[in-house]
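For the sequence shown, the UniProt record's numbering gives the first residue as 1, with consecutive numbering after it. The C-beta atom is built at its ideal place from N, Cα and C for all residues, glycine as well. This report concerns only the one structure given below.
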Amino acid sequence: MLSRAALRTWAAPSSRLFSSSSPRLTKVAVLGAGGGIGQPLSLLLKSDPLVTSLSLYDIRGAPGVAADVSHVDTASEVIGYSADHLDQALEGAKVIVIPAGVPRKPGMTRDDLFNTNASIVRDLAAAVARVAPTACILVISNPVNSTVPIVAATLEKAGVFDPARLFGVTTLDVVRAARFLAGLSSANPADTAVTVIGGHSGATIVPLLSQASHGKSVQGEAYEKLVHRIQFGGDEVVQAKEGAGSATLSMAYAGAKFANLVLRGLNGEKGVMTPTFVKSPLFADQGVDFFSSNVELGVNGVEKIHPIGELSAEEEKLLAACLPELKKNIEKGKAFVA
Ligand SMILES: NC(=O)c1ccc[n+]([C@@H]2O[C@H](COP(=O)([O-])OP(=O)(O)OC[C@H]3O[C@@H](n4cnc5c(N)ncnc54)[C@H](O)[C@@H]3O)[C@@H](O)[C@H]2O)c1
1 MLSRAALRTW
11 AAPSSRLFSS
21 SSPRLTKVAV
31 LGAGGGIGQP
41 LSLLLKSDPL
51 VTSLSLYDIR
61 GAPGVAADVS
71 HVDTASEVIG
81 YSADHLDQAL
91 EGAKVIVIPA
101 GVPRKPGMTR
111 DDLFNTNASI
121 VRDLAAAVAR
131 VAPTACILVI
141 SNPVNSTVPI
151 VAATLEKAGV
161 FDPARLFGVT
171 TLDVVRAARF
181 LAGLSSANPA
191 DTAVTVIGGH
201 SGATIVPLLS
211 QASHGKSVQG
221 EAYEKLVHRI
231 QFGGDEVVQA
241 KEGAGSATLS
251 MAYAGAKFAN
261 LVLRGLNGEK
271 GVMTPTFVKS
281 PLFADQGVDF
291 FSSNVELGVN
301 GVEKIHPIGE
311 LSAEEEKLLA
321 ACLPELKKNI
331 EKGKAFVA
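What follows is the structure, given as structure tokens:
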């Protein structure tokens, strides 16, 4: 569970943004709030001072989660919405986080979830297009490499797609990379941040250890093992949970951390940057038009997509393996909506 200090660090709002005379009203909606990720994510968002109103929606159980979370002694109001009240849940939302859908069981890849989750995400995106077309949408539901293009295509069909406001949440890969690298180098994860680019599944996850201060010194077999662990760390959790699901608590932490960064950008804070999977020009000429790299966040969502910088020879190989798989995943998502 997060320490109060950690929560404060994410939020760290400047006093300029939180003058008592003009409080900023930020409604955040969680779609899939009753699930393994949705519940702890809702709790963490309740603890985020940048969230003034929390709207919890699920086809099962959201009013109960809302009643529970609403007793936490922070300022935001919390309302739960049941299955047939999606539109009300979305009304006025500035940020919409989507962890709705089924998780993996042992032996499954994220792509195995496509058949179930594609239609869930498409239908939720259609409702967002109708009710909250200018909201920032943060997609957690897997396979992220395909669900983000599905949301984009659905919004496009409705004539409301703004690439600056759609994000695939790859923060868990960034969180894992920092944690695993810290473990190897006996450092504090706060000092071992790693930029993770590409997508969010297996070989499409490309950690740029050569650009991390403690990462450069990891070589040979240790390097191979670390990269593999960052790419397939999710499998450790799926196996340990023995069929009861995938990462939920660390994912809720990562989702709340990313939502806080988006909110800080929307509130005008400068220099907020993190990797996230967005519509991107970086590899569009190779048919890969969604890609995760360092993105600066601002008042309109995506402010600036940063280039990937210099790669080591190993990272060039990882990127070469990532791109064709990512391209397939993106095309599969687009084809689903076409
Ligand atoms: N991006 C990441 O890094 C990452 C990490 C872990 C898990 N995930 C993904 O997140 C998703 C959720 O995982 P979980 O462990 O919370 O699963 P879960 O089964 O515990 O919860 C999913 C919730 O979604 C709800 N739901 C289903 N259809 C819905 C709909 N149409 N509208 C609203 N809610 C709906 C379910 O009722 C359930 O409460 C999965 O797809 C999983 O693969 C992503």
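Taking the Cβ of His200 as the reference point, at least one heavy atom of ligand 1 falls within a distance shorter than 7 angstroms. With 16 or more other Cβ atoms inside 10 Å of its own Cβ, Arg229 counts as buried. According to the DSSP assignment, Asn294 belongs to no alpha helix (DSSP H) but to the beta strand (DSSP E) extending over Val288 to Gly298. The Cβ atoms of Ser246 and Arg104 sit closer than 8 angstroms to each other. Under DSSP, Cys136 takes part in a beta bridge, and its partners are Val95.
When distances are taken from the beta-carbon of Ser82 to the heavy atoms of ligand 1, even the shortest one reaches 7 angstroms or more.
About 11 angstroms separates the CB atoms of Ala212 and Leu184; that is not less than 8 angstroms, and the two are not in contact. At least one heavy atom of ligand 1 lies closer than 7 angstroms to the C-beta of Thr248. Not a single heavy atom of ligand 1 lies less than 7 angstroms from the C-beta of Asn145.
Positions of the beta strand (DSSP E) runs, each at least 3 residues long and wholly inside the region 174-225, are given as 196-198 and 205-207 in order along the chain. In this structure, Val102 has its beta carbon less than 7 angstroms from a heavy atom of ligand 1. Counting C-beta atoms within 10 angstroms of its own C-beta, Pro281 has fewer than 16 neighbours from the protein chains shown and is therefore classed as exposed. Our two residues, Lys279 and Ser47, have alpha carbons roughly 30 angstroms apart in a direct line. Shortest gap from the CB of Tyr57 to any heavy atom of ligand 1: under 7 angstroms.
Of Gly101, Lys27, Gln88 and Glu91, the smallest CA-CA separation from Ala33 is found for Gly101. The beta carbon of Glu310 is closer than 6 angstroms to none in its chain, skipping five residues each way along the sequence. Counting only the Cα atoms, Glu242 lies some 28 angstroms from Val148.
Minimum Cα-Cα distance from Leu208 among the listed residues Leu172, Ile120 and Ser312 corresponds to Ser312. From the listed residues Lys332, Gly198, Ala152 and Asp58, the smallest Cα separation to Leu90 is found for Asp58.
In the displayed model, Met273 falls within a strand according to three-state DSSP.
When secondary structure is reduced to three states using DSSP, Pro49 falls in the coil class, being assigned neither helix nor strand. In this structure, Val169 has its beta carbon less than 7 angstroms from a heavy atom of ligand 1. Asn142 has its CB nearer than 7 angstroms to a heavy atom of ligand 1.
Three or more beta-carbon pairs separated by less than 8 angstroms are not found between the region 102-122 and the region 63-83, which leaves the two stretches without contact. When DSSP states are grouped into helix, strand and coil, Pro163 belongs to the helix group. Within the DSSP secondary-structure output, Val78 pairs in a beta bridge with Leu54. By the neighbour-count criterion, in which 16 or more other beta carbons inside 10 Å mark a residue as buried, Leu318 falls on the buried side. Of the residues Lys328, Val272, Val262 and Asp112, the one whose Cα lies closest to the Cα of Ile96 is Val262.
Following the DSSP letters along the chain, one finds Ala252 inside the alpha helix (DSSP H) bounded by residues Leu249 to Leu266.
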